[in-house]
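Single-structure report; data block below.
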């Protein structure tokens, strides 16, 4: 019985390998699925991804709180009707219940009091620490085992600053979509005198817009972070993979924290910080995985090009 099962499994495995050697996906530059996966898996196994992700997560964790302080202190200077309720509603949907309860008092205090001193200091510290986070991410992109073009130290610092500013703008766009998309859609319906659209369509539109912002942000990091020149498509397999995994891991992690994890009961208020750090760490792994896929395709493509060039020279 066991021998027959082993035989069936081996035959199935060989069939899968044969098919993988024939499949050529659209964004894989004409490379077979088998070849790309071989390079990709080698990059994961030998690339110390968890260590690199831990470094990135720590850097972004340091940038998180100055960024939140700056953003929330900016909100009271734009007295938009219903903004406070929308912010609370958004955080209630995104954060686990225990985390939201712990953060609500602090958020309420910041939203209802204007502090110009915290606004200026928050901006400065947010820019410095966020730039450090982006720079750490780029450096860990460069630590891939695959051969890719990279920038020098000072150029990388400059690119980190520019990317930080651009990604911060995209973050504000995404936050605006989350908070105000329902009101904007309803306003457009009233303006054009259209019938009311179902909540499902509104939520789907909001989700697609958010996914577009996330995909654009990841594509910018992959294309203008480590490389001197474009080494893959702007919307690449890696950026698509990372966007998909971020959605899956975020939903799964939120479900896990809400239903199974007991961080706050075990660690008290520090449990909230542990949840945030763990979430950043998981997404750092996802970003590095997406980049490794792009690097695998680029490295394999370069090896094939060099082999073809050597063959031409020999003939």
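Residue numbers (my numbering): 10 to 324. From the three backbone atoms N, C-alpha and C, an ideal C-beta is built for every residue, glycine too.
Query: Buried versus exposed call for residue 31 [16 or more other C-beta atoms within 10 Å across all chains shown]; Result: exposed
Query: Cβ neighbours of residue 57 in the same chain (closer than 8 Å, five flanking residues each side left out); Result: 152
Query: Candidates 185, 118, 162 and 73, of which the one nearest residue 137 by Cα; Result: 73
Query: Distance between residue 225 and residue 176 (C-alpha atoms, nearest Å); Result: 9 Å
Query: Proximity below 8 Å, CB of residue 230 to CB of residue 172; Result: yes
Query: Spatial neighbours of residue 301 in its chain, beta-carbon cut-off 8 Å, leaving aside the 5 residues before and after; Result: 49, 52, 53, 56, 58, 153, 155 and 247
Query: Backbone CA spacing between residue 114 and residue 262 [nearest angstrom]; Result: 24 Å
Query: Spatially closest choice to residue 234 from 142, 66, 165 and 78, by CA coordinates; Result: 165
Query: Supposed close pair residue 61, residue 149 - CB separation, criterion 8 Å; Result: 4 Å
Query: Per-residue DSSP class, three states only, for residue 165; Result: helix
Query: Cβ-based neighbour list, residue 294, same chain, cut-off 8 Å, excluding 5 preceding and 5 following; Result: 58, 59 and 62
Query: Residue closest to residue 183, alpha-carbon to alpha-carbon, out of 213, 43, 221 and 162; Result: 221
Query: Through-space distance from residue 98 to residue 116, alpha-carbon basis; Result: 12 Å
Query: Residue 249 versus residue 41 - alpha carbon distance; Result: 18 Å
Query: Per-residue burial, residue 129 [other beta carbons within 10 Å of its own, 16 or more giving buried]; Result: exposed
Query: Outcome for residue 65 when other beta-carbon atoms lying within 10 angstroms are tallied against a minimum of 16; Result: buried
Query: N-terminal and C-terminal residue of the alpha helix (DSSP H) that residue 64 is part of; Result: 58–83
Query: Residue of 146, 311 and 212 minimising C-alpha distance to residue 232; Result: 146
Query: Classification of residue 181 by the beta-carbon crowding that lies within 10 angstroms, buried from 16 upward; Result: exposed
Query: 7 Å CB neighbourhood of residue 68 in its chain, flanking five on each side removed; Result: 141, 142 and 145
Query: Beta-carbon proximity of residue 258 to residue 292, cut-off 8 Å; Result: yes
Query: From 167, 44 and 77, residue whose alpha carbon lies closest to that of residue 135; Result: 77
Query: Where residue 148 falls: helix, strand or coil (DSSP); Result: helix
Query: Among 174, 245 and 260, nearest to residue 216 - alpha-carbon criterion; Result: 260
Query: Of the listed residues 82, 46 and 311, nearest to residue 241 (C-alpha basis); Result: 311
Query: Residue range of the unbroken alpha helix (DSSP H) whose run includes residue 40; Result: No alpha helix (DSSP H) contains residue 40, which DSSP labels as neither H nor E.
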